[in-house]
């Protein structure tokens with residue numbers, strides 16, 4: 466029996482929210498969260514195809530190596546952003562005692578049966594419909 470390892474990059478959208486859905490991704494915190502997510506993706510050999518930081522949640526569509534599981538990918542992003550944001554913004558540490566900035570769980574799905582355009586439309590819808598105080602990740606080429 467021959468086992469073949471996947472070598473092509475995987476793609477998938479994901480979503481996670483702040484604990485208690487508090488609207489804390491505002492002001493200086495929002496661009497810093499965005500910056501941290503971009504840094505983490507760069508360090509982990511992942512590429513953000515599109516993303517939205519809302520007041521209480523993050524939507525991302527990323528391309529990632531097959532060696533990283535979706536659960537590890539989200540765990541790394543949530544863990545690192547939580548530690549750094551709470552360290553840099555003391556008002557967050559007071560609100561989220563115990564260093565639990567993000568809520569438990571996340572939503573992730575495969576893009577196998579939907580088109581890239583459908584994913585982009587979904588993220589654009591969330592960027593424009595939830596509220597006016599949202600940022601879209603800039604894509605670097």
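In my numbering, the protein residues as written are 466 to 606.
All C-beta atoms, glycine included, are put in the ideal place defined by N, C-alpha and C.
As the structure is a computational prediction, the values presented were derived from the model and not from experiment.
Presumed contact (8 Å Cβ cut-off) between residue i and residue j, rounded CB distance
i           : j           : result
residue 508 : residue 535 : Residue 508 to residue 535, Cβ: 17 Å. No contact.
residue 512 : residue 506 : 7 Å
residue 490 : residue 546 : With 8 Å as the limit, residue 490 and residue 546 do not qualify as a contact, their Cβ atoms being about 10 Å apart.
residue 550 : residue 480 : With a Cβ gap of about 18 Å, residue 550 and residue 480 do not count as contacting.
Distance between residue j and residue i (C-alpha atoms, nearest Å)
i           : j           : result
residue 473 : residue 556 : 42 Å
residue 560 : residue 569 : 16 Å
residue 482 : residue 580 : 25 Å
residue 539 : residue 571 : 8 Å
residue 582 : residue 563 : 40 Å
residue 604 : residue 510 : Confidence at residue 604 is low in this model, with a pLDDT of 40, below 50, so its placement is unreliable and the value that follows should be read with caution. When rounded, the distance between both Cα atoms is 15 Å.
residue 514 : residue 537 : 19 Å
residue 493 : residue 543 : 18 Å
residue 558 : residue 552 : 7 Å
residue 485 : residue 522 : 11 Å
residue 554 : residue 524 : 22 Å
residue 528 : residue 541 : 15 Å
residue 585 : residue 526 : 8 Å
residue 567 : residue 495 : 14 Å
residue 533 : residue 590 : 28 Å
residue 548 : residue 503 : 16 Å
CA nearest to the CA of residue i, picked from the options
i           : options               : result
residue 478 : 567, 492, 562 and 516 : 516
residue 530 : 590, 589 and 476      : 476
residue 519 : 488, 503, 565 and 504 : 488
Check: residue i C-beta below 7 Å from any heavy atom of the ligand ZN
i           : result
residue 561 : By its list of ligands, the structure shown contains no ligand whatsoever, and the ligand ZN lies outside what it can speak to.
4 or more residues per run - each alpha helix (DSSP H) lying fully within the segment 479 to 550: 494 to 508
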